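Everything in the sequence shown is counted per full-length UniProt numbering, starting at 1 for the first residue and increasing by one.
Cβ atoms here follow ideal geometry from the backbone N, Cα and C, with glycine treated the same way.
Given the structure is predicted, the values throughout are model-derived calculations rather than measurements.
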Amino acid sequence: MMIELDFVPQIDSSNQIDERCLDLQKKKISQVSKKKLEDIHCSIESYLGRFQNLLRAGNMRYIQIMLILTRAFLKPLAGDRNLKESNI
C-alpha cells in the first residue's frame, strides 16, 4: 500500500504532534481525501499489528496517538458509521 508522503506529517517526538497539527490547520490542507486518511489509518494499524510486541511503551503511545488522530480526522468524513465499529 503506497501513501503519498506529502500529505503525511513527519513526527519525530510527541511535542511535534501539536506543532504539525497546527501547521496543517494553518495551511488549510483540504486535499486530504477520505480514501487517503483511510489508507493512512490502515497502514498505521498494520504497522502496530506487525510490531506491537517489539515496541516500547513510548513508541506504542506515539502509534496509538496517530491512530486516534487519523480516526478523529475521518469522523466528519465518514459520518461516524464505520468508525464506531472499529477498535483502536
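Item: Ile44 and Met66: beta carbons closer than 8 angstroms?; Value: yes
Item: Leu54: buried (16+ other C-beta within 10 angstroms of its C-beta) or exposed?; Value: exposed
Item: Nearest to Tyr47 by alpha carbon, out of Tyr62, Lys35, Lys34, Ala72?; Value: Tyr62
Item: Measuring only the C-alpha atoms, how far is Pro76 from Ala57?; Value: 30 angstroms
Item: In the structure shown, what three-state DSSP assignment does Leu5 receive?; Value: A caution first: Leu5 carries a pLDDT of 49, below 50, which makes its placement in the model unreliable, though a value can still be read off. Three-state result, Leu5: helix.
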